[in-house]
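Student: Residue numbers (this note's numbering): 29 to 211.
#1: Just mark residue 95 as buried or exposed, buried being the case when its beta carbon has 16 or more other beta carbons within 10 Å.
#2: Could you say if the region 138-151 and the region 163-179 meet the contact criterion of at least three C-beta pairs nearer than 8 Å?
#3: Given 8 Å as the limit, is there contact between the region 65-77 and the region 148-164, that is, 3 or more CB pairs closer than that?
#4: Which value, in whole angstroms, describes the spacing of the CA atoms of residue 36 and residue 184?
#5: What number of angstroms, rounded off, separates the C-alpha of residue 179 from the C-alpha of residue 79?
#6: Please report how far the alpha carbon of residue 56 lies from the alpha carbon of residue 49, in whole angstroms.
#7: Looking only at its chain, what residues have a beta carbon closer than 6 Å to the beta carbon of residue 51, apart from the 5 residues adjacent to it on each side?
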């Protein structure tokens with residue numbers, strides 16, 4: 029591959045993967061700006077390689093994840109991130125209340141579940157690929173995905189399922205009904 033072909037390939041690869049990687053950074057707890065910074069560092073490292081990796085998508089995800097985790101370790105960045113508004117996605121003018129509720133539910137999930145959901149849905153990885161990236165079993169990745177989606181579904185429907193601590197049975201807790209009017 030000559031330099032022009034290499035540059036064209038990198039540009040197309042960036043255009044197809046950038047949004048998914050930024051969202052993945054958000055799932056890892058970075059602000060939008062921090063995720064963009066990590067994305068740039070990741071692609072800069074990819075561009076500086078003498079030879080493209082055999083699996084460029086996996087390389088980018090692993091490199092992005094490692095850089096994002098290192099980025100989060102800084103105290104000042106953490107403090108800045110905690111003060112930032114709790115936005116996950118760029119606000120679009122036509123955002124519906126349902127979309128806003130789904131984004132809120134995603135943001136409220138535990139990091140492990142949120143990370144797997146973003147990798148599965150927006151980055152279209154298999155559970156085996158997610159397991160390799162996160163160094164967990166594919167079954168663990170599938171479980172985090174399933175439980176995370178289940179939590180989101182129940183929060184969006186107003187039903188919360190929990191386990192009885194004594195028997196282990198599943199119990200459903202319904203959200204309070206909206207008042208109809210003054211009595």
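Just so you know, even glycine gets a beta-carbon here, dropped at the ideal spot from N, CA and C.
Tutor: So, from the listed chains and residues:
#1: buried
#2: With a cut-off of 8 Å on Cβ pairs, the region 138-151 is in contact with the region 163-179, counting three or more such pairs.
#3: no
#4: 43 Å
#5: 43 Å
#6: 10 Å
#7: Setting aside the 5 residues that flank it on each side, residue 51 is surrounded in the same chain by 146, 150, each with a C-beta closer than 6 Å to its C-beta; the list follows chain order.
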